[in-house]
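Working notes for the structure below.
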Amino acid sequence: MSSDGPQNDSNVYEDTHVHQVYEQIASHFSSTRYKPWPIVERFLTGLPDGAIGLDVGCGNGKYLAVNPNVFIIASDRSTNLVKIATQHRPHTSVAADNLSLPHPSSAFDFAISIAVIHHLSTPARRIEAVAAVLDTLRPSTPTTGTSSGGQMSIGKALIYVWALEQKHSRRGWDEGDEQDVMVPWVMKQKTTAEGTEERKTFNRYYHLYRQGELDHDIIEAGGLVLESGYEKDNWWAIAIRQPQ
Amino acid sequence: MKVLTVNFLTCAVKACKTSPLSFPLHFQDAELEQSDIEYNPSFLRNILPRVDWEALKVTANELGFTTVPAEKPNPAPTPTNPDTNPTETIKESPEAQPADDKVMRDLHTLLLETEVREGKMVCGNCGHEYKIKEGIANFLLPSHLV
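Protein chains in written order, with my numbering: chain A, -2 to 241; chain B, 2 to 147.
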């Protein structure tokens, strides 16, 4: 069991401090997540009709309804969240890990991974997660010589992560603070007979990104950043695969 | 899970990705359900260029659908002209419609309205089985395969 060493430790750590938490808070979490973020909305509505893409770490699937003219295969590590996401027709949601995605390489017009990669607990795993997203995108040079794909443009990814620099937020973190943090999720539950309310706190692991860190990880992962910025306590970037 | 989706899935085991045997995944014991989705010919025409036709034929055959044409239908009026503006070719083209209509409606039924509710998908390279329960496919790997 110890043969894979740190890699295995990270798996176990994320399983305890990310996966199991979302599995338990899925329904409550979902009820608080309904409004699409503007940059994500702009990215999705700007896609050509008939585009096919991925939502890696789809959560409750709130982005699946944004553009009815594209087809999205959504995935999440939490099967309870996938069950909620699957209600968004006509898309499909599957249970999958973002480091072992069940998709062919170089096949997709777009991919989004919104508020997901900050849950991975080592720099190497975060870069691997970016690389896994980029690998699904259609590269800049056609991989096949068939003429049927002639009209299709290269694939683009939108990645969003939580920022360290958010001094005006409720959490108040800022430059110089610890980047690896546990963030509480407080869930109120009605306990049985008496109808009394019980508060249960779940702690989720996050890596808070410094300015420039997401762009750096994308380059390390073999990507090219087309556009990047900061929106409401988050860093975001639109990237393609580095032309070969 | 829609039949269209299977065209965009492969084995989650990294070592299998480079093997042509891993795509498409193969159905076993599939239970199907028809849902009712509004026919949208322009959406269908736009996604067709992205569909891997050989893989779709394998999938359709495994699920018992026999109406898939041997060649991918190309509803665009002038598909081979490189000078054609891409936005032009995917616009509505009423005169090209009638001949394709039956084929396109059958494809709509197969790709978008047919759901796999239960069953499994098997990788042709490593043999790993991915279960589908209540319409949701599970690609989470056991730790020894990660």
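Cβ atoms here follow ideal geometry from the backbone N, Cα and C, with glycine treated the same way.
Asked                                                                                                                    : Found
Residue from B:His129, B:Ser144, B:Lys134, B:Met122 with nearest C-alpha to Leu64 (chain B)                              : B:Met122
Residue-level contact to chain A via CB, Ser20 (chain B), 8 Å cutoff                                                     : no
DSSP three-state assignment for Asn86 (chain B), whether helix, strand or coil                                           : Low local confidence applies: a pLDDT of 48 at Asn86 (chain B) is under 50, so the model's placement there is unreliable, with the coordinate-based value given in what follows. Three-state DSSP puts Asn86 (chain B) in coil, outside helix and strand.
Which of helix, strand or coil DSSP assigns to Phe140 (chain B)                                                          : coil
Bridge-paired residues (DSSP) for Lys229 (chain A)                                                                       : Beta-bridge pairing links Lys229 (chain A) to no other residue.
Integer Cβ distance of Glu114 (chain B) from Ile38 (chain B), believed to fall under 8 Å                                 : 5 Å
Spatially closest choice to Asp106 (chain A) from B:Leu26, B:Val147, B:Val52, by CA coordinates                          : B:Val52
Start-to-end residues for the alpha helix (DSSP H) that takes in Lys80 (chain A)                                         : 76 to 82
Given 8 Å, three or more beta-carbon pairs between the region 193 to 209 of chain A and the region 162 to 172 of chain A : yes
Exposed unless 16 or more other CB atoms sit within 10 angstroms - verdict on Glu11 (chain A)                            : buried
Same chain, Cβ closer than 7 Å to Leu57 (chain B), five either side skipped, listed in chain order                       : Asn8, Val69
Per-residue contacts from Thr6 (chain B) into chain A (C-beta, under 8 Å)                                                : Ile70, Thr89, Val91
Below-8 Å beta-carbon distance, Cys127 (chain B) vs any chain A residue                                                  : no
Chain B contact for Asp52 (chain A) (CB, 8 Å cutoff)                                                                     : no
Selected residue, minimal CA-CA separation from Ser28 (chain A), among A:Pro45, A:Arg86, A:Ala82                         : A:Ala82
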